[in-house]
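Worksheet for the structure shown next.
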Amino acid sequence: MGIKNYFSNILDPRFGPHWLSYIFQSLLATLAIFVVLITLRQQNLLVAASLAATAFTVFVIPNSMAASSRNVVGGHVVGLIFGSLFALFPQNTDLAMNLMHALAVGSSILVMSVTNTEHPPAAGTALGVVIAGFSYRIVLGVVMGVAILAMIHQLLKPVLIDLIANPFEKK
Numbered sequence: 474m475g476i477k478n479y480f481s482n483i484l485d486p487r488f489g490p491h492w493l494s495y496i497f498q499s500l501l502a503t504l505a506i507f508v509v510l511i512t513l514r515q516q517n518l519l520v521a522a523s524l525a526a527t528a529f530t531v532f533v534i535p536n537s538m539a540a541s542s543r544n545v546v547g548g549h550v551v552g553l554i555f556g557s558l559f560a561l562f563p564q565n566t567d568l569a570m571n572l573m574h575a576l577a578v579g580s581s582i583l584v585m586s587v588t589n590t591e592h593p594p595a596a597g598t599a600l601g602v603v604i605a606g607f608s609y610r611i612v613l614g615v616v617m618g619v620a621i622l623a624m625i626h627q628l629l630k631p632v633l634i635d636l637i638a639n640p641f642e643k644k
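When you line the sequence shown up against the working numbering, it's residues 474 to 644, in that order.
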């Protein structure tokens with residue numbers, strides 16, 4: 474395989490005609506997660522990872538169901554609820570701790586699926602909250618972060634494009 478073919482397989486063929494959208498949407502994601510990180514502070518970085526994944530979803534595949542406001546907000550609310558709920562149970566052994574963590578994630582997945590609020594990064598919110606333990610600061614940080622991401626998405630949706638053609642299509 475020649476060097477030209479090698480590089481043509483690395484770069485997305487849509488990048489050339491849409492390079493400005495790629496840069497713009499990546500900068501939006503950077504700015505949004507920066508604001509989220511400022512609100513979350515250092516002790517709540519466990520849930521910041523799930524919000525970073527939400528930023529990816531909202532700005533890379535903005536037209537997907539997972540990026541809709543209903544799914545972003547609803548999914549993270551479900552994650553907050555189940556992470557908080559399972560954080561209340563004793564976690565005094567490794568087995569109990571791992572069980573509570575798994576139950577928080579599994580319950581969140583079930584409820585998101587049943588309520589049509591599927592948002593994969595929100596399972597990370599459930600895990601982050603159950604690990605860190607419930608705190609109003611985490612709830613406030615997640616709510617503010619999700620609100621920021623959802624508002625930016627809603628305002629700019631007319632100009633955002635999907636940067637990947639079909640995220641679930643095999644190549």
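All C-beta atoms in this analysis are idealised placements derived from N, C-alpha and C, irrespective of residue type, glycine included.
Since the structure is predicted, the reported quantities are computational estimates derived from the model, not experimental observations.
- The C-beta of Gly606 has fewer than 16 other C-beta atoms within 10 Å across all chains shown, which makes the residue exposed.
- In the pairwise beta carbon analysis, the region 622-632 is classified as touching the region 494-506: at least three pairs are separated by under 8 angstroms.
- Counting the other CB atoms within 10 Å of its CB gives Leu524 a total of 16 or more, which places it among the buried residues.
- Ranked by how close their Cα comes to the Cα of His574, the residues Phe559, Val612, Thr527, Val587 have Phe559 in first place.
- Excluding residues up to 5 positions away in sequence, Asn544, Glu591 lie with their Cβ nearer than 8 angstroms to the Cβ of Met538 in the same chain.
- In the three-state reduction of the DSSP assignment, Asp635 falls in the coil class.
- One Cα belongs to Leu493, the other to Val533, and the distance between them is close to 13 angstroms.
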